[in-house]
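Working notes for the structure below.
Chains as they are written, first to last, in my numbering: chain A, 398 to 614; chain B, 77 to 536.
Structure below.
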């Protein structure tokens with residue numbers, strides 16, 4: 398009986414076996430890296446309707462975050478300021494700037510500007526902004542050095558694993574609000590951070606929850 | 077000599093009709109080798125019906141994924157409904173295939189050779205149907221991978237103390253080993269088909285599937301070893317898989333579930349239902365393909381005996397549950413069992429008892445045990461009864477547990493029923509494809525049990 402397959406076919410099972418393993422590892426790696434929020438979300442920097450520069454306002458001019466984002470310490474939601482807040486200064490400064498045309502229109506018409514949201518959490522996750530600030534977690538921990546960004550971008554993955562990392566080990570992100578503001582972008586953990594964190598945790602009775610219902614209520 | 081004679085001195089033949097090596101090859105191979113036009117009409121009709129049912133199920137599942145599990149009859153308190161019932165039902169069905177192929181192999185029960193191939197196929201298809209239900213019953217099939225311990229960006233990890241996770245491992249191991257076992261057994265037969273193939277493409281495809289089998293002594297020796305090892309691996313699975321499935325219930329504290337009898341009770345029930353399904357399929361396939369010489373009355377009778385035995389084991393378990401709930405003095409247990417027999421689900425309970433405990437008793441009589449119509453009807457009754465057993469366990473306990481204020485009644489919707497019927501469609505579609513394209517009887521193994529295989533016949 399004639400042979401159905403030529404001799405080189407004998408090598409195919411080995412090629413397939415190794416190819417299968419290699420493809421598996423490769424596919425896993427691709428999903429692992431490119432599917433991660435570290436890749437898909439970090440660095441998200443949409444173009445905003447008005448070229449507002451945080452570097453200029455919060456950095457060079459040294460305005461506190463809370464001047465505009467006034468509700469961050471008292472509300473679940475961190476607010477975007479109304480354009481009337483902008484006009485507090487810009488009714489006197491750069492009153493003719495073309496870049497500010499939208500802001501002036503909005504302040505006059507009471508129609509808010511549609512800023513593009515950068516830091517998005519899923520609907521099914523409950524997040525309270527004020528709780529985190531009261532615990533002493535600074536803006537920097539989640540938002541990065543906004544004072545150096547002309548256009549704000551996402552610096553952290555905001556994935557569930559990332560949330561849990563800090564909930565499990567909050568020590569390096571807790572500030573003693575008696576000596577530093579929560580908005581201070583230059584703060585770095587002092588040498589005795591471990592001690593401070595330990596004291597803060599027991600004083601404020603901090604107990605970051607890790608159960609499902611804490612965030613998925 | 078009759079193939080069902082109970083002689084202690086002479087073994088009745090396993091294969092009748094004076095078969096030789098070549099007639100066996102011819103009879104079994106020709107079923108899968110005939111041209112498309114000559115496929116039996118019954119096959120086309122059955123395939124049309126079952127694949128339509130499977131397609132209908134596909135649409136219903138699509139709607140389920142779109143809309144959510146609200147389209148089912150699930151309510152508070154019955155959060156587990158037909159999806160779980162069907163899962164346990166189908167996993168159970170699979171067990172007979174593994175018992176026939178692995179345990180009967182280790183016990184050198186030669187009569188298994190005529191039925192092991194399609195019993196194993198049935199196992200695989202049943203596990204496919206079963207595996208579908210846990211995937212869809214949470215309503216969010218796109219996160220079904222959460223069932224597996226895969227490292228992920230959410231830092232979530234399955235709970236290793238939960239029997240639901242053990243179940244994932246049990247069923248996926250079971251599926252893997254069943255597939256391997258089935259495929260290894262198929263290799264020599266695929267090579268037979270390859271050698272008989274006329275067309276080039278058929279030669280190539282079967283050649284690839286046969287993995288270069290030439291039938292040399294060395295290959296046979298390796299094959300036998302591999303088969304034995306796989307049988308050894310599959311044997312504990314017959315007991316462990318349904319044990320773990322029973323833990324899904326028994327580890328919970330719901331009255332009627334939290335009992336230590338569940339593992340053996342579930343395993344006996346699984347083998348019972350599986351043999352019933354093998355019987356249903358064997359009777360039909362034997363009739364359509366005229367395989368009376370291969371699946372003889374002796375095979376059928378042996379299976380009926382196993383059904384009689386396992387049916388009584390299951391009956392014992394039902395009785396034992398009642399006894400223990402009385403003897404244990406736990407009022408919640410007592411109430412759930414009294415409710416099962418007399419409460420709103422009494423109709424389901426008594427359907428279960430009459431199908432599972434009473435109907436197989438007819439097999440005490442040899443006349444009934446060897447009558448095709450009787451065994452066909454009883455096997456269908458057992459299938460029905462075993463489905464109701466899972467329904468009774470799952471739904472009655474949930475509907476009426478500790479808190480009478482939240483008792484409820486579970487009413488299935490058209491989607492519950494449709495998906496269940498559709499799973500039969502899927503099962504039969506796969507089975508019919510198997511009958512049409514792969515040898516349904518293990519050619520090489522059957523040759524080993526005819527007298528020609530042993531020239532010194534009975535002369536030890």
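Backbone N, C-alpha and C fix where the C-beta goes; we use that ideal spot for every residue, glycine too.
Classification of residue i by the beta-carbon crowding that lies within 10 angstroms, buried from 16 upward
i: residue 397 of chain B; result: buried
i: residue 440 of chain A; result: exposed
i: residue 432 of chain B; result: buried
i: residue 423 of chain B; result: exposed
i: residue 543 of chain A; result: buried
i: residue 609 of chain A; result: exposed
i: residue 95 of chain B; result: buried
i: residue 462 of chain A; result: buried
i: residue 298 of chain B; result: exposed
Contact set for residue i: own chain, Cβ-Cβ below 8 Å, skip 5 residues either direction
i: residue 365 of chain B; result: 107, 116, 511, 516
i: residue 119 of chain B; result: 364, 508, 511, 512
i: residue 337 of chain B; result: 393, 396, 397, 400
i: residue 381 of chain B; result: 439, 445
Under 9 Å between C-beta atoms of residue i and residue j
i: residue 153 of chain B; j: residue 477 of chain B; result: yes
i: residue 452 of chain B; j: residue 197 of chain B; result: no
i: residue 291 of chain B; j: residue 326 of chain B; result: no
i: residue 436 of chain B; j: residue 157 of chain B; result: no
i: residue 375 of chain B; j: residue 90 of chain B; result: yes
i: residue 470 of chain A; j: residue 527 of chain A; result: yes
i: residue 479 of chain A; j: residue 434 of chain A; result: no
i: residue 503 of chain B; j: residue 195 of chain B; result: no
i: residue 469 of chain B; j: residue 333 of chain B; result: yes
i: residue 174 of chain B; j: residue 257 of chain B; result: yes
i: residue 459 of chain B; j: residue 353 of chain B; result: yes
i: residue 251 of chain B; j: residue 204 of chain B; result: yes
i: residue 206 of chain B; j: residue 245 of chain B; result: no
i: residue 513 of chain A; j: residue 605 of chain A; result: no
i: residue 579 of chain A; j: residue 541 of chain A; result: no
i: residue 340 of chain B; j: residue 520 of chain B; result: no
i: residue 486 of chain B; j: residue 151 of chain B; result: yes
i: residue 451 of chain A; j: residue 523 of chain A; result: no
i: residue 383 of chain B; j: residue 355 of chain B; result: yes
i: residue 483 of chain B; j: residue 473 of chain B; result: no
i: residue 262 of chain B; j: residue 270 of chain B; result: no
Contacts around residue i, its chain only, beta-carbon distance under 7 Å, and the 5 residues preceding and following it disregarded
i: residue 217 of chain B; result: 141, 211
i: residue 498 of chain B; result: 129, 130, 132, 133, 136
i: residue 430 of chain B; result: none
i: residue 315 of chain B; result: 343
i: residue 241 of chain B; result: 234, 235
i: residue 430 of chain A; result: 436
i: residue 575 of chain A; result: none
Chain B within 9 Å of residue i, Cβ atoms only
i: residue 518 of chain A; result: no
i: residue 524 of chain A; result: no
i: residue 562 of chain A; result: yes
i: residue 402 of chain A; result: yes
i: residue 605 of chain A; result: no
i: residue 556 of chain A; result: yes
i: residue 567 of chain A; result: no
i: residue 421 of chain A; result: no
i: residue 407 of chain A; result: yes
i: residue 586 of chain A; result: no
i: residue 509 of chain A; result: no
i: residue 653 of chain A; result: Outside the displayed span of chain A (398 to 614) sits residue 653 of chain A, for which this structure offers no information.
6 Å CB neighbourhood of residue i in its chain, flanking five on each side removed
i: residue 483 of chain A; result: 500
i: residue 349 of chain B; result: 168, 169, 462
i: residue 223 of chain B; result: 244
i: residue 475 of chain A; result: 466, 469, 526
Short CB-CB distance (under 9 Å) between residue i and chain A
i: residue 280 of chain B; result: yes
i: residue 229 of chain B; result: yes
i: residue 216 of chain B; result: no
i: residue 270 of chain B; result: yes
i: residue 287 of chain B; result: yes
i: residue 232 of chain B; result: yes
i: residue 283 of chain B; result: yes
Quick one: complete beta strand (DSSP E) runs, 3+ long, within the region 398-486 of chain A? none
Any alpha helix (DSSP H) of 4 or more consecutive residues that is wholly inside the region 413-479 of chain B: 422-429, 442-445, 448-467
Quick one: which residues of the region 430-442 of chain A get their C-beta closer than 7 Å to a C-beta of chain E? List them in chain order. In the displayed structure, chain E is absent; the protein chains listed are A and B.
Mind listing, in chain order, the continuous beta strand (DSSP E) runs of no fewer than 3 residues lying wholly within the region 528-565 of chain A? none
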